[in-house]
Ligand SMILES: C[S@@+](CC[C@H](N)C(=O)[O-])C[C@H]1O[C@@H](n2cnc3c(N)ncnc32)[C@H](O)[C@@H]1O
């Protein structure tokens, strides 16, 4: 069994099954059958791949990486993604994975070999897109406030908050690549954002007015710990908003819906090209 990193924001999503089409033993059920003519063609081409430097013998994209990506996340991000607009916030440009970028085609083995954690930061997730849209629609939510973008990934929400006039913005994530991506993306969008790479769940967050969390309910342990912490923070007077497209571990009650959006997403990433996504407020009591 090669698949070591398992996370499933949606039932059909298995990031690490994307590129390695010919490994039928662990290819996601989504991809066992090609869904389009292009996908079918790609599968045939890859199955016949004669590329001698492809250790998997299944990849027609000879990604030639720096030997240790972890040593220089910024260089890795620049080399493996490309700037592009966020569908629901086209005024915000992020370094992203797209079909033309090498990271789209990287295998789990390749990422592990180069010490690269799952590249959550390479996509604007539906929950983050919805919150960033809400911020554009209602900038007073963050204007003049001290904002934390929790589980920031690309830093999309942090950038939206900075653009809307937040007094101070901190992007918090456990992944150093997310920290590096956020700084690159902030520079791309000409805003100032602080990054903090740490696991702060359970800690107090002094000097914070509002916490914004996009797409954090995809994994049970993480979602439960984050939501319990959010409730504590809300009780302490911090406004907490969660953007979520109906992930498996979003609590079914106890949250107040603030806004809903139909968020364009990639069919390669989700099981549909639009996800209905809500922004919830965690109540104070
Ligand atoms: C699906 S991504 C969402 C990224 C971004 N909020 C968005 O909506 O585009 C989930 C993020 O949660 C981060 N994460 C996971 N556990 C975390 C923790 N304990 N503290 C902070 N971030 C965490 C991951 O590194 C990843 O960047």
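Residue numbers (the numbering used here): 1000 to 1284. Even glycine gets a Cβ: it sits at the ideal position worked out from N, Cα and C. Quantities reported herein were computed from a predicted structural model and do not represent experimental measurements.
Buried versus exposed call for residue i [16 or more other C-beta atoms within 10 Å across all chains shown]
i: residue 1274; result: buried
i: residue 1072; result: buried
i: residue 1269; result: buried
i: residue 1191; result: exposed
i: residue 1066; result: Bear in mind that the predicted position of residue 1066 carries a pLDDT of just 47, short of 50, making it unreliable; the figure below should be weighed with that in mind. It counts as exposed.
i: residue 1256; result: exposed
i: residue 1243; result: buried
i: residue 1123; result: buried
Range of the contiguous beta strand (DSSP E) that encloses residue i
i: residue 1092; result: 1088-1095
i: residue 1178; result: Counting along the chain, residue 1178 falls outside any beta strand (DSSP E), though it belongs to the alpha helix (DSSP H) covering 1175-1187.
i: residue 1170; result: 1167-1172
i: residue 1230; result: Taken as a continuous stretch (DSSP letters only), residue 1230 belongs to no beta strand (DSSP E), being part of the alpha helix (DSSP H) at 1219-1234.
i: residue 1118; result: Per DSSP, residue 1118 belongs to no beta strand (DSSP E) and is neither H nor E.
i: residue 1195; result: 1193-1196
i: residue 1209; result: 1209-1213
Pairwise C-alpha distance: residue j and residue i
i: residue 1161; j: residue 1240; result: 16 Å
i: residue 1193; j: residue 1088; result: 21 Å
i: residue 1251; j: residue 1245; result: 10 Å
i: residue 1079; j: residue 1100; result: 6 Å
i: residue 1184; j: residue 1093; result: 5 Å
i: residue 1055; j: residue 1097; result: Here the model assigns residue 1055 a pLDDT of 40, short of 50, so the residue's position is not dependable, and the following value carries that caveat. Each residue's alpha carbon lies about 22 Å from the other.
i: residue 1180; j: residue 1155; result: 10 Å
i: residue 1074; j: residue 1178; result: 13 Å
i: residue 1199; j: residue 1227; result: 13 Å
i: residue 1221; j: residue 1202; result: 15 Å
i: residue 1157; j: residue 1218; result: 22 Å
i: residue 1260; j: residue 1083; result: 21 Å
Endpoints, alpha helix (DSSP H) assigned at residue i
i: residue 1131; result: 1125-1136
i: residue 1275; result: Where residue 1275 is concerned, there is no enclosing alpha helix (DSSP H), although the beta strand (DSSP E) it sits in stretches over 1273-1280.
i: residue 1159; result: 1155-1162
(message) Below 8 Å, how does it come out for the region 1106-1121 and the region 1165-1181: are there three or more Cβ pairs, yes or no?
(response) yes
(message) Using a Cβ distance threshold of 8 Å, determine whether the region 1145-1155 contacts the region 1206-1226, with at least three qualifying pairs required.
(response) yes
(request) Report yes or no: do the region 1227-1236 and the region 1126-1141 share at least 3 C-beta pairs separated by less than 8 Å? (result) no
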